[in-house]
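S.K.: Protein chains in written order, with our numbering: chain A, 728 to 1038; chain B, 4 to 312.
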Amino acid sequence: MRMLNNPWIKRAAIAAVVSTVTLSFGCGKKSGGEKGVTETIKSGEKKTIQNIGSDTMVNLAQAWAEEYAKIDPSVSVEVSGGGSGIGIAALINGTADVANASRRLEPEEIKRAKAQTGDKPREYMVAYDAISIFVHKDNPLNEISVDELAEIYKETGKITKWSQLGVTQLPGAKGDDIIRVNRQNNSGTYHYFREAVLGHNSDFKSGSLDMNGSKDVIDLVAKTPNAIAYAGLGYATEAVKVLKVSKKKGEPAIMPSIATTLDKSYPIARPMFMYTPGEPPEHVKKYLDWIHADAGQRVVEISGYIPLPSR
Amino acid sequence: MTRIGRRRAEVWFRRLSWSRIGEAVIENLIRLCGISAVLFVFGIFLFVFREGAGFLFDGLDIEKFLFTTEWYPTSRSNVRYGVGALIVGTFSVTVLAMAIAVPFGLGAAIFVSEFCGKKLREALKIVIELLAAIPSVVWGFIGLSVMNPLIQKVFNVPIGLNVFNGAILLALMSVPIMVSIGEDALKAVPDAYREAALALGATRWQIVYRVLLPAGKNGLLAAVLLGVGRAVGETMAVLMATGHAVNIPRTIFDPVRTLTATIAAELGEAPVGSDHYQVLFIIGILLFSITFAVNLTADLVVKGIRKKQ
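Structure follows, in structure tokens:
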């Protein structure tokens, strides 16, 4: 008919294809777009430090940057999050001065970085984080063991219902299913949880809701009575409940806190790192030193994370 | 020839050459515009293909890639690239979205073009265009914060981020396209058809059902298929509203993950050039093939219909 001879319809069809493709790939430029931000810094001008990475650490990194701006106004620290994977990718591509990671670099990644930048990345442990287990605030459950967590999250795990954990009266719940909230598969928190809770070389059960940030995780749990989730202690809010965690069923369950993390009684706590590609320049080194000093570690405590023990 | 005659001829000549040059320039500009769309499509396809080709031809088990549901691109012990569940996720959301959008979209198109008065029509068209102008991230936010608790409450299901949530958003997003193209299609049916039907004593509904729908079916099909294209390619809203869970849905209230959302969520963090990165581009090739197939089918169907008539 005449209609389909209308060139506008055909053009619109082509546009639809193009927009489909560009929509899908717009995000691909995310990592590439950061290129060129670390421009050569001339002496005397305001120096910037590109600080990219871990979503768990982004609040802390932001707090450090704001505090440091008061102490040394000649340096501006530009913080962006996205995930440990993004930070490490930026480190390898040479677009980050400092990468935040809530997990250690893997040997493969060190090799890649070395091949790209010609130098080994330097590691700085900057704080600790207690991975906390979150449920809806009306959930009557108070404690959980690492073994039970593994059974819930692991690929071969057998726990799928709240009744299997002894929770039969779940206020506001729809059915008995446990809604597993997880993180995207390049998150440092995801990697750490997989290693520490599911066990070496294990994988997560498919079908969990994979959120792109810790804040999304908490927001979802707050609205979902059937949900369980994990995230850094710094993200806890009034709207969700933090569970005590025991190593094994029957052993005493521990509430995550600064004290229980530092005396290592809380079973799922981990160090957090900053990496520089090779030996850091003077202004970056000064920043990292300040983070390790009392002033920087006080910011850690205020932001809800756990400061390093030896001060 | 007199002097005046020669002068006239000169002026005429000069005018002619100017208009000729102008015409040639504009013609070429327009040609460039026409070709540029083709160039862009091929350019994008080549780029996507180049990024994914290495792993596509060397290392990827295509059968496992397409037909298994285990998506573990960052596993330490057993890396598995199965997008079966993602394909099912994309199709389940798209099909349900179309099941909601087609009756609404075409119904609205019929109402706007045939049944409503001039003033109401203008008002409706403006509102429908407004609906099309809402960015997809806003739709996603509505899905996340408004629809999620609402679906939990109304349908008594444990999670409101699911196929149904994503499908409603996609339906709302594709309805405006369907309405405006569908309305054009109905408008293109000559008035003589309507007059003839009226003269035979047909009611208004009979005119729509027996005359306009058969006469405008190509355009209406194009409207529906453009809606499908929009739904398959949409990323942000489905990323936020479907729960982003690698899962074969058993009911429409199960969370799923789509192909586009996977690319959006993971490409930024996959090391450039790694297997994971290349697999994400292969998913891109797959998406491109799906939209290409949809458009090609549309073209073939339309051509087939045209031949028969």
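We put the beta carbon where it would ideally sit given N, CA and C, even for glycine. Values in this document were obtained by computation on a predicted structure and should not be read as measured data.
1) Could you tell me whether the Cβ of I813/A comes closer than 8 angstroms to any Cβ of chain B?
2) Please check if any C-beta of chain A sits within less than 8 angstroms of the C-beta of S292/B.
3) Consider the Cβ of E198/B: report whether some Cβ of chain A lies at a distance smaller than 8 angstroms.
4) CB V908/A to CB I955/A, shorter than 8 angstroms?
5) Against chain B, which members of the region 906-929 of chain A pass a CB distance test of less than 7 angstroms?
6) Can you give the Cα-Cα distance for H1042/A and T844/A, rounded to whole angstroms?
7) Among F144/B, S183/B, A188/B, which has the Cα closest to the Cα of N168/B?
8) Measuring only between beta-carbons, confirm whether T71/B sits less than 8 angstroms from chain A.
9) Does any C-beta atom of chain B lie closer than 8 angstroms to the C-beta of N953/A?
10) May I ask you to list the residues that DSSP assigns as paired with F861/A?
11) Report, in whole angstroms, the separation of the C-beta atoms of G814/A and A792/A, which I expect to be a contact under 8 angstroms.
12) State buried or exposed for G760/A, treating a residue as buried only when at least 16 other CB atoms are found within 10 Å of its CB.
13) Please state whether DSSP places G977/A in a helix, a strand or coil.
14) For K888/A, does the three-state DSSP call read helix, strand or coil?
15) Between V130/B and Y196/B, what straight-line distance do the alpha-carbon atoms span, to the nearest angstrom?
16) Using a Cβ-Cβ distance cut-off of 8 angstroms, determine whether G246/B contacts chain A.
17) How close, in whole Å, do the beta carbons of D855/A and T988/A come, if the pair is a contact with beta carbons under 8 angstroms?
18) Does the beta-carbon of W21/B have 16 or more other beta-carbons within 10 angstroms, so that it is buried, or is it exposed?
19) Confirm, please, whether the CB-CB distance from T72/B to S935/A is below 8 angstroms.
20) Among the candidates P138/B, L172/B, S139/B, whose CA atom is the shortest distance from the CA of I154/B?
21) Can you grab the Cα-Cα spacing for the pair E237/B / A202/B, in whole Å?
22) Quick check on DSSP: helix, strand or coil for Y84/B?
23) Just curious, the alpha helix (DSSP H) that P179/B is in, first and last residue?
24) Which chain A residues sit within Cβ distance under 8 angstroms of E269/B?
25) Could you tell me how far apart the beta carbons of F43/B and D278/B are, in whole angstroms, since I believe they sit closer than 8 angstroms?
26) Can you find a C-beta in chain A that's less than 8 angstroms from the C-beta of I162/B?
27) Figure out for me which residue from T775/A, S781/A, P952/A, L787/A has the closest Cα to the Cα of E1028/A.
28) V140/B to G810/A, Cα distance in whole Å?
29) Less than 8 angstroms between the CB atoms is what I'm expecting for A996/A and A857/A, so what's the real figure, rounded?
30) With a 10 Å radius around its C-beta and 16 neighbouring C-beta atoms as the bar for buried, classify I24/B as buried or exposed.
31) Using a Cβ-Cβ distance under 8 angstroms, would N31/B count as near chain A?
32) Taking one C-beta from the region 216-223 of chain B and one from the region 243-254 of chain B each time, how about it: are there three or more such pairs within less than 8 angstroms?
33) Going straight from the alpha carbon of L133/B to that of M999/A, what length do you get?
34) Over what stretch of residues does the beta strand (DSSP E) that includes R253/B continue unbroken?
35) Would V178/B and F107/B be called neighbours here (beta carbons separated by less than 8 angstroms)?
36) Tell me, please, which residues DSSP counts as bridged to N827/A.
M.R.: Quick answer:
1) yes
2) no
3) no
4) yes
5) I906, Q911, N912, N913, N928
6) This structure cannot settle anything about residue 1042/A, because the visible part of chain A is limited to 728 through 1038.
7) F144/B
8) no
9) yes
10) A956/A, V969/A
11) G814/A to A792/A, Cβ: 15 angstroms. No contact.
12) Its pLDDT being 36, under 50, G760/A is placed unreliably by the model, and the measurement read from it follows with that caveat. Exposed: under 16 other Cβ atoms inside 10 Å.
13) coil
14) strand
15) 30 angstroms
16) yes
17) Note on residue identity: the sequence assigns Tyr, not Asp, to residue 855/A. Their Cβ separation, rounded to whole angstroms, is 5 angstroms, which keeps Y855/A and T988/A in contact under 8 angstroms.
18) exposed
19) no
20) L172/B
21) 46 angstroms
22) strand
23) 166-190
24) Q911, N912, N913
25) Rounded, the Cβ-Cβ distance is 28 angstroms, inconsistent with contact.
26) yes
27) L787/A
28) 20 angstroms
29) 4 angstroms
30) exposed
31) no
32) no
33) 47 angstroms
34) No beta strand (DSSP E) contains R253/B, which DSSP labels as neither H nor E.
35) yes
36) G780/A, M1001/A
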